[in-house]
Amino acid sequence: ADEVEILSVLAFGTELVTVSSTGNLKIDAGGSRSFRHFQALNMCLAPLSLKLQKAEPKPVEEGQRPPIEWKLKHLKHGWIQDFTDGIKLSAFPNRDRKRI
Numbered sequence: 001a002d003e004v005e006i007l008s009v010l011a012f013g014t015e016l017v018t019v020s021s022t023g024n025l026k027i028d029a030g031g032s033r034s035f036r037h038f039q040a041l042n043m044c045l046a047p048l049s050l051k052l053q054k055a056e057p058k059p060v061e062e063g064q065r066p067p068i069e070w071k072l073k074h075l076k077h078g079w080i081q082d083f084t085d086g087i088k089l090s091a092f093p094n095r096d097r098k099r100i
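Going by the working numbering, the first residue of the sequence shown is number 1, and it counts up by one from there.
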């Protein structure tokens, strides 16, 4: 079956979360790691039992700031993975766990 976009949340000029008719999710921060994007994404992800968390900063050379990195956590199933812009997941993790 063809996938049809049925819900898209637009903020800050970016489609933050897109849900398709087959239950696929696309999550995107538009390259930003601002606190506003973090909050907006978490508001969108809460009904899906997903949450962004700040990742532990990686060591960098003295005088440099570590890049801000996020992790994506499923609150019911407990898995955590690195967040990248445009990440695609399933809204049905039990059905589609191998795709995640």
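Cβ atoms here follow ideal geometry from the backbone N, Cα and C, with glycine treated the same way.
Since we're looking at a predicted model, the values are computed, not measured.
### Query
Looking at C-alpha atoms only, which residue of Ser-34, Lys-76, Val-60 is the closest neighbour of Lys-70?
Contrary to the premise, residue 70 reads as Trp rather than Lys in this sequence. Comparing Cα-Cα distances from Trp-70 to each of Ser-34, Lys-76, Val-60, the minimum goes to Ser-34.
### For His-74, three-class secondary structure by DSSP
strand
### Task
Out of Val-4, Leu-72, Thr-84, state which residue places its alpha-carbon closest to the alpha-carbon of Asn-42.
Leu-72
#### Entry: Inter-residue spacing [alpha-carbon to alpha-carbon] between Leu-10 and Ala-40
10 Å
### Query
By how many angstroms is the C-alpha of Lys-26 removed from the C-alpha of Thr-18?
5 Å
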